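**Student:** Here it is: the structure, laid out below.
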Amino acid sequence: MKRLFLSMMAMAAIATTLTLTSCGSDDDGNDTPDGASILAADGKTLMGNLTGKQTLEEGEYILGGTVIIENGGELTIPAGTTIKATKGFSSYILVAQGGKLYANGTSSQPVTFTSGEATKKAGDWGGIILNGKAPISGAGAEGTNTANAEINNAYKYGGSDRADNSGALTYVNILYAGARNTADIEHNGLTLNGVGNGTKIQNVYVLESADDAIEFFGGTVNVTNLLAVNPDDDMFDFTQGYKGTLSNCYGIWEDGYTSTEEDPRGVEADGNLDGNGVDHVGQSDFIIDGMTIVNNTVGGNTTTGQKNAMDDVIKVRRGATATIKNTLVASTSADALKAKDLVDATDSKGGGTVTINITTSSSFSYTNEKVVDYVDKTNPDKNVVGQGTVTLTTSASNAGANTSVFAWTNYSFPTLN
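Take the sequence shown: its letters are residues 510 to 926, numbered as in our numbering.
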């Protein structure tokens with residue numbers, strides 16, 4: 510109900526006609542959007558398509574299904590708000606091109622997206638997807654390529670606007686996401702499709718995602734202060750022409766953790782989508798600055814379906830170029846299995862190029878005899894197209910990610926040797 514309060518004296522003082530415009534509010538206090546509300550009549554369930562602007566009040570909500578923030582729509586979620594998703598692949602939030610999501614948490618009051626299940630586990634719900642208008646790799650001239658979102662083909666991403674703005678995610682928890690439809694159609698914790706660098710993404714914690722913690726499909730967005738704990742597949746995944754910077758990122762598989770994936774990695778980087786665009790323009794060329802990867806996975810167990818330990822700590826392939834600075838790789842569990850490779854830049858669909866400054870802790874180990882075995886003679890099938898290029902330097906001063914900035918998550922970091 511819209512309410513307008515004017516004193517009698519003030520009304521008398523107005524000699525001309527006065528017109529007031531207000532966005533109004535529902536009885537629950539949440540701002541009413543100019544388009545259809547995604548808030549159900551119960552005042553707590555979110556679902557549907559948002560075409561206008563809507564601001565939630567701080568509190569607890571249920572993600573009852575798919576929420577699409579359409580072109581021109583804006584959803585603002587204030588600090589301290591928790592959104593609990595119903596179980597299933599269709600429980601997710603997607604920001605379409607031209608839409609904006611503002612999840613404005615603080616260090617003391619983060620915004621939390623999590624499972625609504627009593628017993629929470631990876632893959633309970635979808636995740637957060639942003640579709641932007643920034644460039645992606647493709648067969649056309651740079652800036653002309655678009656693609657359809659993996660989890661909803663009705664919504665495209667890509668374009669020519671490097672500075673495109675999809676909103677802001679600051680001090681945000683994304684917990685138990687990554688629901689799967691098929692082996693080829695699955696959510697990540699946070700999926701960034703052609704997202705532009707006008708988008709602000711800082712201080713994000715992704716816990717127990719059933720696929721990757723974060724995946725960049727092209728775009729130019731920069732992400733700062735990202736903590737990834739126990740993703741089932743890759744910690745940090747880049748593909749389809751990503752050109753931006755990931756700063757201060759920490760990925761860990763905790764003591765005794767096991768992945769269900771065939772080839773889980775710390776970093777996986779492709780120049781083009783799935784390696785099927787060898788001649789595509791605008792291939793991935795990005796920076797990682799300040800990264801720690803902790804590998805405590807215990808690996809395969811055929812009885813439970815748990816498959817592999819870490820395949821490669823860092824894999825850069827299929828035309829990707831990566832500059833990786835100040836990297837520390839460690840293990841803290843005596844039971845952790847060796848990673849196959851520390852750095853690998855080869856693939857049957859084409860090699861990659863990586864310049865990396867990396868240091869390993871005394872407890873970390875890997876299978877290959879060389880620190881960087883990009884020739885990988887023990888796996889010649891990986892060298893069909895040709896070798897990648899690795900430029901390696903090491904420094905005893907490498908500290909990796911600064912964990913103090915993640916104090917707001919209350920995560921207990923292991924001591925690295």
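Note that beta-carbon positions come from the ideal geometry of N, C-alpha and C, so glycine has one too. Please read these numbers as outputs of a predicted model, since none were measured by experiment.
Measuring CB to CB, does Gly760 end up less than 8 Å from Gly861?
**Tutor:** To locate residue 760, count along the sequence shown from 1; it is residue 251. To locate residue 861, count along the sequence shown from 1; it is residue 352. For Gly760 and Gly861, no; Cβs fall outside 8 Å.
**Student:** Answer yes or no: do Ala686 and Trp634 have a C-beta to C-beta separation smaller than 8 Å?
**Tutor:** For this step, residue 686 is matched to residue 177 along the sequence shown. For this step, residue 634 is matched to residue 125 along the sequence shown. Their beta carbons are under 8 Å apart, which means Ala686 touches Trp634 by this criterion.
**Student:** Would you kindly work out how many angstroms separate the C-alpha atoms of Trp917 and Ser617, rounded to a whole number?
**Tutor:** Along the sequence shown, one-based indexing puts residue 917 at 408. Along the sequence shown, one-based indexing puts residue 617 at 108. The straight-line gap from Cα to Cα measures roughly 7 Å.
**Student:** Quick one: Cα of Asn636 to Cα of Val715, how far?
**Tutor:** Sequence index remark: in the sequence shown, residue 636 carries index 127 (1-based). Sequence index remark: in the sequence shown, residue 715 carries index 206 (1-based). Here the sequence assigns Gly to residue 636, which means Asn is not the residue at that position. So the two alpha carbons sit approximately 10 Å from each other.
**Student:** Contact check, Thr591 vs Thr564 under 8 Å by CB: the rounded distance?
**Tutor:** Your numbering for residue 591 matches position 82 in the sequence shown. Your numbering for residue 564 matches position 55 in the sequence shown. The Cβ separation is near 16 Å, so there is no contact.
**Student:** Assess contact between the segment 657-676 and the segment 780-794, defined as three or more Cβ pairs (one per stretch) separated by less than 8 Å. Is contact present?
**Tutor:** Because the criterion of three Cβ pairs below 8 Å is not met, the segment 657-676 and the segment 780-794 do not touch.
**Student:** Taking Cβ positions, are Met744 and Ile683 nearer each other than 8 Å?
**Tutor:** Numbered from 1 along the sequence shown, position 235 holds the residue referred to as residue 744. Numbered from 1 along the sequence shown, position 174 holds the residue referred to as residue 683. No. Outside cutoff.
**Student:** How do the segment 767-777 and the segment 823-830 stand: do at least 3 beta-carbon pairs fall below 8 Å, yes or no?
**Tutor:** A contact exists between the segment 767-777 and the segment 823-830.
**Student:** Less than 8 Å between the C-beta atoms of Leu639 and Val704, yes or no?
**Tutor:** Within the sequence shown, numbered from 1, the residue matching residue 639 stands at position 130. Within the sequence shown, numbered from 1, the residue matching residue 704 stands at position 195. Against a cut-off of 8 Å, the Cβ pair of Val704 and Leu639 comes out as a contact.
**Student:** Taking the continuous beta strand (DSSP E) assigned at Arg671, which residues delimit it?
**Tutor:** If you number the sequence shown from 1, residue 671 lands on position 162. That residue, Arg671, is in no beta strand (DSSP E); it is neither H nor E in DSSP.
**Student:** Helix, strand or coil: how does DSSP classify Ala737 here?
**Tutor:** If you number the sequence shown from 1, residue 737 lands on position 228. Ala737 falls in the strand class under three-state DSSP.
**Student:** Excluding the 5 residues preceding and the 5 following Ala845 in the sequence, name in chain order all residues of the same chain whose CB lies nearer than 7 Å to its CB.
**Tutor:** As a first step, residue 845 is located in the sequence shown; it is residue number 336 there, counting from the start. Closer than 7 Å at the Cβ level, and outside the excluded window around Ala845, lie Asn804, Asn805, Thr806, Val807.
**Student:** Rounded to whole angstroms, what's the CA-CA distance from Asp670 to Gly652? Just pull it up for me.
**Tutor:** Translated into positions along the sequence shown, residue 670 becomes position 161. Translated into positions along the sequence shown, residue 652 becomes position 143. C-alpha separation (whole angstroms): 8 Å.
**Student:** By alpha-carbon positions, which one of Phe726, Tyr611, Gly909, Leu699 ends up nearest to Gly668?
**Tutor:** Translated into positions along the sequence shown, residue 668 becomes position 159. Nearest C-alpha to Gly668: Phe726.
**Student:** Taking C-alpha atoms, which residue in Lys847, Pro740, Ala737, Val730 lies nearest to Ala677?
**Tutor:** One-based indexing of the sequence shown puts residue 677 at position 168. Considering only alpha carbons, the answer is Val730.
**Student:** Report buried or exposed for Ser646, applying the criterion of at least 16 other Cβ atoms within 10 angstroms of its Cβ.
**Tutor:** For the purposes of this step, residue 646 is identified with residue 137 of the sequence shown, where counting begins at 1. That one is buried.
**Student:** What does DSSP give as the partner residues of Ile645 in its beta bridges?
**Tutor:** As a working note, residue 645 is residue 136 in the sequence shown. None; Ile645 has no bridge partner.
**Student:** Whole angstroms is fine: what's the gap from Lys834's alpha carbon to Val732's?
**Tutor:** Start at 1 with the first residue of the sequence shown, and residue 834 comes out as number 325. Start at 1 with the first residue of the sequence shown, and residue 732 comes out as number 223. Using only the alpha carbons, I get a separation of about 15 Å.
**Student:** Comparing C-alpha positions only, which one of Thr903, Asp742, Tyr751, Glu771 sits nearest to Trp762?
**Tutor:** Here the question's residue 762 lines up with position 253 in the sequence shown. Considering only alpha carbons, the answer is Asp742.
**Student:** Excluding the 5 residues preceding and the 5 following Tyr943 in the sequence, name in chain order all residues of the same chain whose CB lies nearer than 6 Å to its CB.
**Tutor:** This structure cannot speak to residue 943, because the chain is shown only from 510 to 926.
**Student:** Determine the extent of the beta strand (DSSP E) in which Pro587 is found, giving its start and end residues.
**Tutor:** On the sequence shown, residue 587 is found 78 positions in, with the first residue counted as 1. Counting along the chain, the beta strand (DSSP E) containing Pro587 begins and ends at 583-587.
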